[in-house]
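Notes for the one structure printed next.
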Amino acid sequence: ETGVTQTPRHLVMGMTNKKSLKCEQHLGHNAMYWYKQSAKKPLELMFVYNFKEQTENNSVPSRFSPECPNSSHLFLHLHTLQPEDSALYLCASSQDPAGGYNEQFFGPGTRLTVL
Amino acid sequence: QKEVEQNSGPLSVPEGAIASLNCTYSDRVSQSFFWYRQYSGKSPELIMSIYSNGDKEDGRFTAQLNKASQYVSLLIRDSQPSDSATYLCAVNADRGSTLGRLYFGRGTQLTVWP
Chain A
1 ETGVTQTPRH LVMGMTNKKS LKCEQHLGHN AMYWYKQSAK KPLELMFVYN
51 FKEQTENNSV PSRFSPECPN SSHLFLHLHT LQPEDSALYL CASSQDPAGG
101 YNEQFFGPGT RLTVL
Chain B
116 QKEVEQNSGP LSVPEGAIAS LNCTYSDRVS QSFFWYRQYS GKSPELIMSI
166 YSNGDKEDGR FTAQLNKASQ YVSLLIRDSQ PSDSATYLCA VNADRGSTLG
216 RLYFGRGTQL TVWP
């Protein structure tokens, strides 16, 4: 595997389900990010993990719960979602978020549909 | 609120022409700038990074940065139908922060017709 991988690629869930999204980066980077992309809206940053410590929760509802067990893996736990949470969820990683350059590389995304 | 504005398009150019994509940003302390290409149904792909005023060329792509005018652009020379995608402008405006937050524009949809 190379780059940033995400599973599953597609997910359909009911409002009462609990599911998890997984992201893995094979780039040796130090920071990982969750973004949400909805139609007609800019990419929205949800969470940032820098060196395994959560450093940003961008006013995300508690029904989204991130987990970062190490610098290569990132999870997004989902529970009691709403239909408006249907979107493309993107994971990204970067080498040096504090260095000012901060090139971020994205995974393929998980297309989530909440019924 | 740090804003990144792009003309929404759609922008349509014939094959072989130069496509010009523009982006303005609100925060003067912004220090690094990125262009991503996103094909329909796919994730964003980083195609250009620029950090200092002036031009940066990579193949058919040229990024131009003018910090005084808070303006960054992307030129695509000899446009090909395969360049048809949405182009996202992103700005890193968190100087001195360890967050590495990027602020994204809404994107410009480009269509290159044969």
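So the protein lines, in turn, are chains A and B. Residue numbers are given in my numbering: position 37 of the first sequence equals residue 37, and the series is strictly consecutive. In short: position in the second sequence from 1, add 115, done, that's my numbering. Where is the CB? At the ideal position from N, CA and C, for every residue including glycine. Since we're looking at a predicted model, the values are computed, not measured.
- Proximity below 8 angstroms, CB of L217 (chain B) to CB of Q95 (chain A): no
- Cβ of P118 (chain A) less than 8 angstroms from any chain B Cβ? There is no way to answer for residue 118 (chain A), as the model of chain A reaches only from 1 to 115.
- Item | Straight-line gap, D85 (chain A) to A134 (chain B) (C-alpha atoms, nearest Å) | 34 angstroms
- Item | Within chain A, partners of R216 (chain B) - CB distance below 9 angstroms | Y33, L45, V48, E56, N58, P97, N102
- Item | Contact list for S94 (chain A) against chain B, beta-carbon separation under 7 angstroms | G215
- Whose Cβ in chain A lies nearer than 9 angstroms to the Cβ of Y140 (chain B)? Per Cβ cutoff of 9 angstroms: no residues; Y140 (chain B) is ~12 angstroms from chain A at best.
- For D173 (chain B), does the three-state DSSP call read helix, strand or coil? strand
- Query: With burial defined as no fewer than 16 other Cβ atoms inside 10 Å of the residue's Cβ, what is the status of P42 (chain A): buried or exposed?
  - Reply: buried
- Query: How should A178 (chain B) be labelled, buried or exposed, when 16 other C-beta atoms within 10 angstroms of its C-beta is the threshold for buried?
  - Reply: buried
- Message: Closer than 7 angstroms to a non-hydrogen atom of the ligand COA - does that hold for the CB of E160 (chain B)?
- Response: The model depicted lacks the ligand COA and carries no ligand whatsoever.
- Task: Return no unless some Cβ of chain A is closer than 8 angstroms to the Cβ of R143 (chain B).
- Result: no
- In its own chain, which residues sit with a C-beta less than 7 angstroms from the C-beta of N122 (chain B), not counting the 5 before and 5 after it? N137, T223
- chain A contact for S167 (chain B) (CB, 8 angstroms cutoff): no
- Task: Taking only the alpha-carbon atoms, compute the straight-line gap between Y49 (chain A) and G131 (chain B) and give it to the nearest angstrom.
- Result: 43 angstroms
- Mapping DSSP to helix, strand and coil, what is E160 (chain B)? strand
- Message: Since E118 (chain B) and S141 (chain B) should fall inside the 8 angstroms C-beta cutoff, what is the C-beta to C-beta distance between them, to a whole number of angstroms?
- Response: 4 angstroms
- Cβ pair count under 8 angstroms reaching 3, the region 6-25 of chain A against the region 176-193 of chain B: no
- Message: Distance check for G109 (chain A) and A39 (chain A), CA to CA, integer angstroms please.
- Response: 14 angstroms
- Message: So, under 8 angstroms CB-CB, P125 (chain B) and T226 (chain B) are touching, yes? Tell me the CB distance rounded to an integer number of Å.
- Response: 6 angstroms
- Cα-Cα separation between N168 (chain B) and F219 (chain B), rounded to whole angstroms: 20 angstroms
- Residues bridged to H79 (chain A) (per DSSP): A:K18
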